[in-house]
Amino acid sequence: MPLPAVGSPAPDFTLDSTAGRPFTLSSLRGKNVLLAFFPLAFTRTCTQEMCAFTEDYSQFQSVDTIVVPVSVDSVPTLKEFKAKERIGVELLSDFKREVSRRYGTLNEEKFSSNRAYVVVDRQGIVRWTFVEETSGSRREDAELLAELKKL
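Those letters in the sequence shown? Residues 744 to 894, per this note's numbering, in order.
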């Protein structure tokens, strides 16, 4: 299944988060959302990426964007990852892999998500998507911010 088509409504979902309460995508209408699917907590590239989101948090806020990282790790694993790496954004657990499947990011062979990005605008419409060819590569925040500034 491919990523959601640009111009289509982003599939809504509710997942458990490191904040201790369920997170629902549609609750963020009125703000831009960057969904950042990542393979696994505690891996090198994922750690670099989450730390960069934390460092650049104010830049994402300046373009009225909430960064929403999603992985197939359990909430306890994500909480430990968040604490150990001092990650400033809440992380979502797609432990049942339903959202990764619906968004076309699930790598069925590895049973984890491919690294992928989905920009959702204030009306809940997909405006940009990108999937990495390898789990060891990632978009730099400057590139993601450039896409968000187009909204």
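Where is the CB? At the ideal position from N, CA and C, for every residue including glycine.
How long is the line joining the alpha carbons of residue i and residue j, rounded to whole angstroms?
i	j	result
Ala829	Asp807	Before going on, a small fix: residue 829 reads as Arg here, not Ala. Each residue's alpha carbon lies about 23 angstroms from the other.
Gln802	Glu852	35 angstroms
Pro747	Val810	18 angstroms
Phe796	Pro745	25 angstroms
Using the three-state DSSP reduction, which class does residue i fall into: helix, strand or coil?
i	result
Val813	strand
Val749	coil
Tyr860	strand
Pro765	strand
Val818	helix
Phe803	helix
Arg870	strand
Among the residues of its own chain, which have a CB less than 8 angstroms from the CB of residue i, if the five just before and after it don't count?
i	result
Pro765	Thr757, Leu758 and Asp759
Asn857	Phe780, Pro782, Thr848, Leu849, Asn850, Val874, Glu875 and Ser878
Leu894	Asn775, Val806, Val862, Asp864, Arg865 and Arg870
Ala753	Pro747, Leu768, Val776, Leu778, Val861, Val863, Gly867, Ile868 and Val869
Thr872	Leu746, Pro747, Val749, Ala859, Tyr860, Val861 and Val862
Nearest chain C C-beta to residue i closer than 8 angstroms, yes or no?
i	result
Asp755	No chain C appears in the structure shown, which is made up of a single protein chain.
Could you pull out every residue in the same chain whose Cβ sits closer than 6 angstroms to the Cβ of residue i, ignoring the five residues on either side in sequence?
i	result
Tyr800	Gly831
With burial defined as no fewer than 16 other Cβ atoms inside 10 Å of the residue's Cβ, what is the status of residue i: buried or exposed?
i	result
Ser769	exposed
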